[in-house]
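Protein chains: 2
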Amino acid sequence: MTNAGKRVLIVDDEAPIREMIAVALEMAGYECLEAENVQDAHSLVVDQRPDMILLDWMLPGTSGIEFARRLKREEATAELPIIMLTAKGEEENKVQGLESGADDYIPKPFSPRELVARLKAVLRRATPPGVEETIEVNGLILDPVCHRVMAHDKAVDVGPTEYRLLQFFMTHQERAYSRSQLLDQVWGGNVYVEERTVDVHIRRLRKALGQSHEQLIQTVRGTGYRFSTKAS
Amino acid sequence: MTNAGKRVLIVDDEAPIREMIAVALEMAGYECLEAENVQDAHSLVVDQRPDMILLDWMLPGTSGIEFARRLKREEATAELPIIMLTAKGEEENKVQGLESGADDYIPKPFSPRELVARLKAVLRRATPPGVEETIEVNGLILDPVCHRVMAHDKAVDVGPTEYRLLQFFMTHQERAYSRSQLLDQVWGGNVYVEERTVDVHIRRLRKALGQSHEQLIQTVRGTGYRFSTKAS
DNA sequence: GTGAAATGTTACAGATATGTGACCAGGGCG
DNA sequence: CGCCCTGGTCACATATCTGTAACATTTCAC
Numbered sequence: 000m001t002n003a004g005k006r007v008l009i010v011d012d013e014a015p016i017r018e019m020i021a022v023a024l025e026m027a028g029y030e031c032l033e034a035e036n037v038q039d040a041h042s043l044v045v046d047q048r049p050d051m052i053l054l055d056w057m058l059p060g061t062s063g064i065e066f067a068r069r070l071k072r073e074e075a076t077a078e079l080p081i082i083m084l085t086a087k088g089e090e091e092n093k094v095q096g097l098e099s100g101a102d103d104y105i106p107k108p109f110s111p112r113e114l115v116a117r118l119k120a121v122l123r124r125a126t127p128p129g130v131e132e133t134i135e136v137n138g139l140i141l142d143p144v145c146h147r148v149m150a151h152d153k154a155v156d157v158g159p160t161e162y163r164l165l166q167f168f169m170t171h172q173e174r175a176y177s178r179s180q181l182l183d184q185v186w187g188g189n190v191y192v193e194e195r196t197v198d199v200h201i202r203r204l205r206k207a208l209g210q211s212h213e214q215l216i217q218t219v220r221g222t223g224y225r226f227s228t229k230a231s
Numbered sequence: 000m001t002n003a004g005k006r007v008l009i010v011d012d013e014a015p016i017r018e019m020i021a022v023a024l025e026m027a028g029y030e031c032l033e034a035e036n037v038q039d040a041h042s043l044v045v046d047q048r049p050d051m052i053l054l055d056w057m058l059p060g061t062s063g064i065e066f067a068r069r070l071k072r073e074e075a076t077a078e079l080p081i082i083m084l085t086a087k088g089e090e091e092n093k094v095q096g097l098e099s100g101a102d103d104y105i106p107k108p109f110s111p112r113e114l115v116a117r118l119k120a121v122l123r124r125a126t127p128p129g130v131e132e133t134i135e136v137n138g139l140i141l142d143p144v145c146h147r148v149m150a151h152d153k154a155v156d157v158g159p160t161e162y163r164l165l166q167f168f169m170t171h172q173e174r175a176y177s178r179s180q181l182l183d184q185v186w187g188g189n190v191y192v193e194e195r196t197v198d199v200h201i202r203r204l205r206k207a208l209g210q211s212h213e214q215l216i217q218t219v220r221g222t223g224y225r226f227s228t229k230a231s
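The listed protein sequences correspond, in order, to chains A and B.
Numbered according to numbering that gives the first Met the number 0, the first sequence spans residues 0 to 231.
Numbered according to numbering that gives the first Met the number 0, the second sequence spans residues 0 to 231.
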């Protein structure tokens, strides 16, 4: 079960092109989502959580490159593989495209076969090193590969959101984050959620971690929360 | 909070709608400015410098979209976040609205709650985090990033106000400040609080710092207080 | 030394912020 | 279609903070 069932978001303003790509990918066993602009794309990213993005360079409104940068900037979506699509003759943009965080770059026109091949390649090395490393703090282990949390060798049952929250905290220890920042980083920006919702998830996470580790997540009164091994 | 006191300019030609929005925002702690046409709006932008704009799509005279474009074109106002409001059934305008530089788009009718939520989200993204360096004096460390105070590697537990007070002192060492100045600087102007309240917080801060560092905060009799490494 | 003024300390009640459990809506799934 | 899981929100319980007043102590001028 490597690529089967992977969800790919296609972002292009021209419907026929989207359609063509979608057909090609579906034949290859992928599931496709489509968006014709950055706003729709972002919504889809937030609530569908695709496994990768095919992103057209030229888009109405925010350009593709802007969008890519933005995705990379936010913790919640930074690891999302992106392939940039670009019209012919824009070779010079390649560097800029890759700089913006895209994982590959395909000039139009391309054959469906080539597209699928490169997409596979990108997905294969999708999880870049660093992200897949397990993090351990005081007997609390987060294993991104198994997508699993262990406390003193006992599995901890956390929901998806709590998992992301914990992952964010463990990769950003010591620093205090406001509810706002957490919403941006863990939920992904442009999601309209009450700040207090963060409290609830913090609570759920603490509960899941149990007595042994809940004190790792500290309340910074008047500010937000912090993950720290040092006592407060 | 970060959002407290932010000023929002509401541009809509219908007074009742402006009023409704204003009430909702004021309850949420924002300050509201109102304009019923683009000319007034522009004046207000220029001399009131609001933190963001709620802009109705349909306006007498220059359309909202024109106005948005113009603001984005001008250097001084290019960064001003804009949320477009539009009557229902104008979904097709969404793209155009966002193209013109709006940061979000809310179709009428909308609930006050949604409005506030999206406004928060936009404002949140627009406010870049400031640079924050840790300050160290005689083994006393204030770390704004972790939002934490350490005295000789031991965490010091201070309340929000004491934290701000200490931060102010550590960034303004050696100089004496009157109670009234401290109220302005630490509490923020236009708050009606007894001057003696400062004494109480000074006391709390000293207590929190403990014997090892309390002498850093010196009383300047007849004047106020001073943070100094030199003995008095 | 004495008394008035300034500052230190403490206690407390109201205001705020956070913790917590429950509920409800939407989506996936059999 | 109905069940279960998840996530977001609300309402209420706690915990913590804050400003004040009241009283204690220090300082200083005389």
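Idealized CB from N, CA, C, for every residue including glycine.
It should be emphasised that the depicted structure is a prediction, and the values quoted were computed from it without experimental measurement.
Taking only beta-carbon positions, decide if residue i is within less than 8 Å of chain B.
i: Leu77/A; result: The residue asked about is misnamed: residue 77/A is Ala in this sequence, not Leu. So, not an interface residue.
i: Thr1/A; result: Caution is warranted here: a pLDDT of 43 is assigned to Thr1/A, below 50, making its placement in the model unreliable, and no coordinate value can be reported.
i: Ala21/A; result: no
i: Val219/A; result: yes
i: Glu173/A; result: yes
i: Asp11/A; result: no
i: Ser211/A; result: no
i: Arg225/A; result: yes
i: Asp183/A; result: yes
i: Ala67/A; result: no
i: Ala14/A; result: no
i: Ser62/A; result: no
i: Thr241/A; result: The question about residue 241/A has no answer here: the residues shown for chain A are numbered 0 through 231.
Answer yes or no: does any C-beta atom of chain A fall closer than 8 Å to that of residue i?
i: His146/B; result: yes
i: Ala40/B; result: no
i: Pro108/B; result: no
i: Ala116/B; result: yes
i: Leu215/B; result: no
i: Ala34/B; result: no
i: Arg72/B; result: no
i: Pro49/B; result: no
Quick one: give me the first and last residue of the beta strand (DSSP E) that residue i is part of.
i: Tyr191/A; result: Neither: Tyr191/A is in no beta strand (DSSP E) and is coded neither H nor E.
i: Ala150/B; result: 147 to 150
i: Lys153/B; result: 153 to 155
i: Ala175/A; result: 175 to 177
i: Arg225/B; result: 223 to 226
i: Ala34/B; result: 30 to 34
i: Glu238/B; result: One cannot answer for residue 238/B here, as it falls past the ends of chain B, which runs 0 to 231.
i: Pro106/A; result: 103 to 106
Less than 8 Å between the C-beta atoms of residue i and residue j, yes or no?
i: Leu32/B; j: Leu53/B; result: no
i: Lys229/A; j: Ala23/B; result: no
i: His212/B; j: Thr160/B; result: no
i: Gly223/A; j: Ala150/A; result: no
i: Arg6/A; j: Glu25/A; result: no
i: Val157/B; j: Ala75/B; result: no
i: Met51/A; j: Leu79/A; result: yes
i: Leu139/B; j: Leu215/B; result: yes
i: Val45/B; j: Phe66/B; result: no
i: Ile64/A; j: Ile82/A; result: no
i: Ser227/A; j: Gln172/A; result: yes
Once the 5 residues before and after residue i are set aside, which same chain residues still bring their CB inside 6 Å of it?
i: Ala34/A; result: Val10, Ala40, Leu43
i: Arg72/A; result: none
i: Arg203/A; result: Glu161
i: Pro235/B; result: Outside the shown range of chain B, which is 0 to 231, sits residue 235/B, and nothing can be said about it.
i: Leu181/A; result: Val197
i: Arg17/A; result: Ile9, Asp11, Glu33
i: Val219/A; result: Ala175, Arg225
i: Gln184/B; result: Phe167
i: Ala27/B; result: Val115
Quick one: what's got a C-beta closer than 7 Å to residue i's C-beta in the same chain, skipping five residues either side?
i: Trp186/B; result: Val192
i: Ser179/B; result: Glu194
i: Leu141/A; result: Thr133, Ile134, Val148, Leu165, Gln166, Met169
i: Asp102/B; result: Pro80, Ile81, Ile82, Val121
i: Met0/A; result: Low confidence applies here, because Met0/A scores a pLDDT of 39, under 50, leaving its location unreliable; read the following figure in that light. So no residue of the chain qualifies.
Nearer than 7 Å: is that true of the beta carbon of residue i relative to any heavy atom of the ligand GDP?
i: Asp156/B; result: In the structure on display, the ligand GDP does not appear, and there are no ligands present to speak of.
CB-CB under 8 Å to residue i, same chain, minus the five flanking residues each way: which ones, in chain order?
i: His146/B; result: Tyr162
i: Ile20/A; result: Ile9, Asp11, Cys31, Leu53, Pro111, Leu114
i: Arg205/B; result: Glu213, Ile216
Starting from residue i, trace the alpha helix (DSSP H) both ways and give me its first and last residue.
i: Tyr162/B; result: 159 to 170
i: Ala14/B; result: 14 to 26
i: Gln217/B; result: Looking at the DSSP string, Gln217/B is not in any alpha helix (DSSP H); the run it does join, the beta strand (DSSP E), is 216 to 219.
i: Ala207/A; result: 195 to 208
i: Asp39/B; result: 37 to 47
Let me know the alpha helix (DSSP H) ranges lying completely inside the region 49 to 86 of chain B, each 4 residues or longer, listed in chain order. 63 to 72
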